[in-house]
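Student:
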Amino acid sequence: MSRFGRDVLMLSLPSHQSHISPQILLLRRCTIIDTLTPRSAAGTSTSFSATTSSSGWLELSSSELGCGHGAKRKKRQENQDLQAFLPCSWGVLSDLTKVTRMHGIDPVVLVLMVGVVMFTLGFAGCVGALRENICLLNFFCGTIVLIFFLELAVAVLAFLFQDWVRDRFREFFESNIKSYRDDIDLQNLIDSLQKANQCCGAYGPEDWDLNVYFNCSGASYSREKCGVPFSCCVPDPAQKVVNTQCGYDVRIQLKSKWDESIFTKGCIQALESWLPRNIYIVAGIFIAISLLQIFGIFLARTLISDIEAVKAGHHF
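Listed below in structure tokens is the structure:
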């Protein structure tokens, strides 16, 4: 609406009326919004139709009050931005999932879930103790009890179904061997695991045929063909600089000579042999975590009992 039109509407109001109708207030509000809102490319703006009744008041149809067109255009633009952002976010999450090929479950998501649970427990415990809130303390205590029994169940099931756990770990390791060159963090993780345990592949160096770069098939033209990563190489104490090409063409040689240059034991076998040697350390860590959880449950239950006793004493 132009300035001339607004002036005409204002002059058409009777001067003897001291009360301003709600329709006129809404018209003024629409006029201000229309003035502050940028016009479209065609230069059009929302128009208002008004008629004068017998009493001299302007009658405005609610369907004809078109104020807020700028707000609608802004909302439409926000929806378009959101629709453009969601596919981008989904693409980033899918890339994170492809790093480890865990069929939709990414370790980053697991870490975030653990962080959310710990933050929630810490918040419930601290606020519940400071404010003497029994509901938050019961939530804190019950969640820790649930986590304790879940950990105990997982440990028992892992001990009873060792073959199933071994097969899942083998599938996980082999799927990550395929993606060894796709992500630098995954590459560093596998190299660290192989160097720390002096192993190569899931069950042996031949598992690296799963990777397109190290595959020995005739269709491969990679320089790393029939080789292994440098983390599979037996370290030479005389070399201070890591030779990243030490695994080239190693598997072209006879298997009897592999022991001279690379590790031939698989990482699954290395971990299986590591666990019995360090069973006391693993058991000690599990017992220490369990004792901390039991101690937290005891403190929470004691505080709940004290709060209930104090509240019961005030009632008498």
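Residues in the sequence shown are numbered from 1196 upward in steps of one, following the numbering used here.
Beta carbons are placed, not taken as given, at the ideal position from N, Cα and C, and that holds for glycine.
No experiment lies behind these values; they were computed from the predicted model shown.
Leucine 1316 to alanine 1353, Cα distance in whole Å?
Tutor: As a working mapping, residue 1316 is identified with position 121 in the sequence shown. As a working mapping, residue 1353 is identified with position 158 in the sequence shown. Approximately 26 Å between the Cα atoms of the pair.
Student: Please go through the same chain and pick out, in chain order, the residues whose beta-carbon is closer than 7 Å to the beta-carbon of threonine 1497, but skip the five residues on each side of it.
Tutor: The residue you call residue 1497 lines up with position 302 of the sequence shown. Correct list: empty, nothing qualifies.
Student: Hey, would you say asparagine 1406 sits closer than 7 Å to lysine 1373, going by beta carbons?
Tutor: Stepping through the sequence shown from its first residue, residue 1406 is reached at position 211. Stepping through the sequence shown from its first residue, residue 1373 is reached at position 178. Yes; because the gap between Cβ atoms is below 7 Å, this pair is in contact.
Student: Count the C-beta pairs between the segment 1434-1447 and the segment 1470-1485 that are closer than 8 Å, then say yes if the count reaches three, no if not.
Tutor: no
Student: Leaving out the 5 sequence neighbours to the left and right, which residues in its chain are closer than 7 Å to valine 1429 when beta-carbon positions are compared?
Tutor: Stepping through the sequence shown from its first residue, residue 1429 is reached at position 234. Closer than 7 Å at the Cβ level, and outside the excluded window around valine 1429, lie Ser1456, Ile1457 and Phe1458.
Student: Might you give, ordered along the chain, the residues of its own chain that have their beta carbon closer than 6 Å to the beta carbon of glutamine 1393, omitting 5 neighbours on each side?
Tutor: Taking the first residue of the sequence shown as 1, we reach residue 1393 at position 198. These residues qualify, in order along the chain: Phe1458.
Student: For a minimum of 4 consecutive residues, which ranges assigned as the alpha helix (DSSP H) are wholly contained in the segment 1288-1376?
Tutor: Counting only runs of 4 or more, we get 1302-1326, 1329-1355 and 1357-1373.
Student: Take glutamate 1346 as the anchor and find which of Ala1483, Asn1371, Glu1327 and Leu1466 has the nearest alpha-carbon.
Tutor: Mapped onto the sequence shown, residue 1346 falls at position 151. That would be Ala1483, whose Cα lies nearest to the Cα of glutamate 1346.
Student: By Cβ distance, which residues of its chain are closer than 6 Å to phenylalanine 1493, with the 5 residues on each side in sequence left out?
Tutor: Here residue 1493 refers to the residue found at position 298 when the sequence shown is read from its first residue. Closer than 6 Å at the Cβ level, and outside the excluded window around phenylalanine 1493, lies no residue.
Student: I'd like to know whether the C-beta atoms of isoleucine 1463 and alanine 1397 end up nearer to each other than 7 Å.
Tutor: For this step, residue 1463 is matched to residue 268 along the sequence shown. For this step, residue 1397 is matched to residue 202 along the sequence shown. Result yes, Cβ atoms of isoleucine 1463 and alanine 1397 sit closer than 7 Å.
Student: Grab the span of the alpha helix (DSSP H) containing isoleucine 1379 for me, first residue to last.
Tutor: As a first step, residue 1379 is located in the sequence shown; it is residue number 184 there, counting from the start. Taken as a continuous stretch (DSSP letters only), the alpha helix (DSSP H) holding isoleucine 1379 covers 1379-1392.
Student: What is the DSSP secondary structure of cysteine 1411, reduced to helix, strand or coil?
Tutor: The residue you call residue 1411 lines up with position 216 of the sequence shown. Note: cysteine 1411 maps to coil in three-state DSSP.
Student: Which of the three DSSP states, helix, strand or coil, is assigned to cysteine 1462?
Tutor: Within the sequence shown, residue 1462 is the residue found at index 267, counting from 1. Helix, per DSSP.
Student: Might you give, ordered along the chain, the residues of its own chain that have their beta carbon closer than 7 Å to the beta carbon of isoleucine 1502, omitting 5 neighbours on each side?
Tutor: Position 307 of the sequence shown, counting from 1, holds the residue named residue 1502. Excluding residues within five positions, the ones whose Cβ falls inside 7 Å are Glu1327 and Ile1329.
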